[in-house]
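J.:
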Amino acid sequence: MKKLGAGSFQLEPDGFSIHTLEIVKKLSNKEYKRIRDSIYQKCPKGEMYSDRGWQGEGERYRCKWFWREGLRINLEKNVHKQVSTCYLRIAVNPRKLIDPSSSYLGILPPDEESIRTMSEKFTMLLKDSGLPCALNAYQLSRVDLCVNIRCDTSKLFKELLRVMRKLPTPPKYERYYYKGSDRKAANRYNKHHITFKHESRELVVYDKTYQIVENGLQLDEEKLPKGILRFEIHELRERVSKIEKKLGTTDIESLLMYYIKESEKYITRCFRRAFPDDRFMQPDALNELICREADTGLLEGMMRLAMLMTRIKSLEKGEEKLRKEGYDAEAVLAQFRKLGVSPIPLRKKFCAKTMPGPSTLLQKIAHRNVVVW
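First residue of the sequence shown: 26, per this note's numbering; consecutive thereafter.
#1: Just the C-alpha distance for residue 207 and residue 214, rounded to the nearest angstrom, thanks.
#2: Expressed to the nearest angstrom, what Euclidean distance is found between the alpha-carbon atoms of residue 345 and residue 136?
#3: For residue 312, which of helix, strand or coil comes out of DSSP?
#4: Name, in chain order, the residues that DSSP records as bridge partners for residue 344.
#5: If you reduce the DSSP assignment to three classes, tell me which class residue 47 lands in.
#6: Output yes or no for whether 8 Å exceeds the beta carbon distance between residue 265 and residue 160.
#7: Am I right that residue 272 and residue 283 are in contact with their C-beta atoms under 8 Å? What's the rounded C-beta distance?
#8: Taking the CB atoms as reference points, tell me whether residue 356 and residue 347 lie closer together than 8 Å.
#9: Counting Cβ pairs, one atom from each stretch, are 3 or more of them under 8 Å apart for the stretch 308-316 and the stretch 369-381?
#10: Would you call the stretch 124-134 in contact with the stretch 40-53, where contact means no fewer than 3 C-beta pairs closer than 8 Å?
#11: Going by Cα to Cα distance, which pick from 155, 198, 108 and 390 is closest to residue 220?
#12: Below 8 Å on the Cβ atoms is my contact criterion, and I expect residue 87 with residue 103 to pass it. Report the Cβ-Cβ distance as a whole number of Å.
#13: Could you tell me the distance, in whole angstroms, from the CA atom of residue 28 to the CA atom of residue 302?
#14: For residue 139, I'd like the list of residues in its chain whose CB is within less than 8 Å of its CB, leaving aside the five on either flank, ordered along the chain.
#15: Just grab the DSSP bridge partners of residue 116 for me.
#16: Nearest CA to the CA of residue 407: which residue from 150, 262 and 153?
#17: Apart from the five residues just before and just after residue 177, which ones in its own chain have a Cβ nearer than 6 Å to its Cβ?
#18: For residue 368, which three-state DSSP category applies?
#19: What separation, rounded to the nearest whole angstrom, lies between the Cα atoms of residue 69 and residue 154?
#20: To the nearest angstrom, how far is the alpha carbon of residue 331 from that of residue 195?
#21: CB residue 231 to CB residue 223, shorter than 8 Å?
#22: Does the structure place the stretch 291-306 close enough to the stretch 381-393 that three or more beta carbon pairs sit under 8 Å?
#23: Under 8 Å, do residue 44 and residue 158 count as touching if we go by C-beta distance?
#24: Please identify the residue among 395, 398, 372 and 392 whose C-alpha is closest to the C-alpha of residue 184.
#25: Compute the Euclidean distance between the alpha carbons of residue 72 and residue 200, then round it to the nearest angstrom.
#26: Quick check on DSSP: helix, strand or coil for residue 83?
#27: Taking residue 217 as part of the alpha helix (DSSP H), name the residues at either end of that continuous run.
#28: Can you have a look at residue 319 and say buried or exposed, based on whether 16 or more other CB atoms are within 10 angstroms of its CB?
#29: Suppose contacts are defined by Cβ-Cβ distances below 8 Å. Is residue 329 in contact with residue 352 by that definition?
#30: Can you tell me whether residue 137 sits near the ligand HEM, meaning its C-beta is under 7 Å from at least one heavy atom of the ligand?
#31: So what does DSSP say about residue 282, is it helix, strand or coil?
#32: On a Cα-Cα basis, can you pick out the residue from 235, 288, 54 and 333 that is closest to residue 169?
#33: Between residue 367 and residue 361, how many whole angstroms is the CB-CB distance? I'm expecting something under 8 Å.
#34: Indicate the three-state DSSP secondary structure (helix, strand or coil) for residue 200 in the structure shown.
#35: Could you round the C-beta distance between residue 189 and residue 370 to whole angstroms and report it? I think they count as a contact, below 8 Å.
#36: Where does residue 233 land, buried or exposed, given buried means 16+ other C-beta within 10 angstroms?
Next up, the structure:
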């Protein structure tokens with residue numbers, strides 16, 4: 026059968042769901058000391074250690090005891106004006122908790138049975154650890170919703186990430202860049218990850234295949250696909266609290282079921298609000314569209330911005346350059362929006378002439394494969 030288009034985006038079988046959640050329990054000083062000492066005695070040597078990166082007064086201990094089952098455990102003591110506040114925090118990968126042999130590509134299967142199984146596994150795993158073993162002994166402090174989109178050619182997701190990095194930072198968000206002692210490693214990370222942070226929510230897009238390989242998470246004999254693009258939204262405690270009030274419950278299983286049912290709506294809505302429904306085009310095709318359909322008085326400014334965006338790293342800097350050259354940047358951008366196209370062009374020799382933007386891709390992928398021409 027002849028292949029249609031230059032490539033396609035396909036929704037992974039688990040669809041829209043949850044990939045990580047964080048639960049927290051406030052502890053008294055006595056409880057904190059008891060749990061800390063108990064873990065030290067029971068867990069294998071070297072799997073409980075003090076976090077030297079902790080800043081300020083107090084301390085934090087990290088525990089890798091159950092990392093194979095998808096749990097990352099932190100014990101924290103914050104000291105402010107000689108008053109201690111202690112917490113037990115556990116980040117949970119529900120798919121790994123249900124099945125430790127599953128791939129890191131996996132997310133929580135979107136059904137009630139999976140949530141019940143996860144809760145039961147949590148209790149069984151921790152019942153002899155000295156840690157509270159009932160899920161509802163904790164408070165849900167964060168939930169990460171996500172969708173995995175498979176690309177049948179690596180060129181597609183690499184180019185989508187490249188043009189997305191040039192998009193402006195959404196209102197009320199701040200763009201986050203990873204910074205580490207290894208500058209080259211940090212640059213590689215930022216090339217494959219896009220993160221926007223808000224005080225109560227985070228938006229993330231990244232190359233999941235790259236992350237698995239880079240962090241050594243690939244399972245023995247696991248054959249990874251050519252490319253998995255992951256879209257995530259992280260709902261932080263402030264937003265989780267509002268859902269608790271809306272539903273009238275703090276029961277974690279009930280909250281997770283709500284988030285699973287609403288995950289598609291949350292993800293598509295958040296990215297639609299953050300990014301315009303614009304498509305990306307190759308330079309020649311973009312210029313043809315501008316000449317054919319744009320207002321005559323804005324042609325020169327639009328073509329100039331499109332040319333600038335082939336080499337400038339962000340649309341904000343492109344706008345600034347355009348203004349300095351005497352163009353009406355606001356009118357130019359408004360005309361691009363009217364045409365439903367981004368001023369950020371695809372690579373000239375890219376395998377497709379046009380490609381949907383992130384918000385359009387998410388809206389369509391829930392219902393059908395998205396073919397790129």
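Note that the Cβ used here is the ideal one computed from N, Cα and C, for glycine as well.
Bear in mind that the values here come from a model prediction, so they are computed numbers and not experimental data.
T.: Based on what the coordinates show:
#1: 11 Å
#2: 48 Å
#3: helix
#4: For residue 344, which the question treats as bridged, DSSP gives no partner whatsoever.
#5: strand
#6: no
#7: 6 Å
#8: no
#9: yes
#10: yes
#11: 198
#12: Actually they do not touch by this definition, with Cβ atoms about 16 Å apart.
#13: Since pLDDT at residue 28 reaches only 47, below the 50 mark, its modelled position is unreliable, and the value read off the structure follows with that caveat. Residue 28 and residue 302: Cα-Cα distance of roughly 27 Å.
#14: 119, 123 and 133
#15: 47 and 97
#16: Outside the displayed span of the chain (26 to 398) sits residue 407, for which this structure offers no information.
#17: 32 and 33
#18: coil
#19: 12 Å
#20: 20 Å
#21: no
#22: yes
#23: no
#24: 372
#25: 34 Å
#26: strand
#27: 208-217
#28: buried
#29: yes
#30: Among the ligands in the structure shown, none appear at all, so the ligand HEM cannot be discussed.
#31: helix
#32: 288
#33: 7 Å
#34: strand
#35: Contact doesn't hold; Cβ gap of about 13 Å is too wide.
#36: buried
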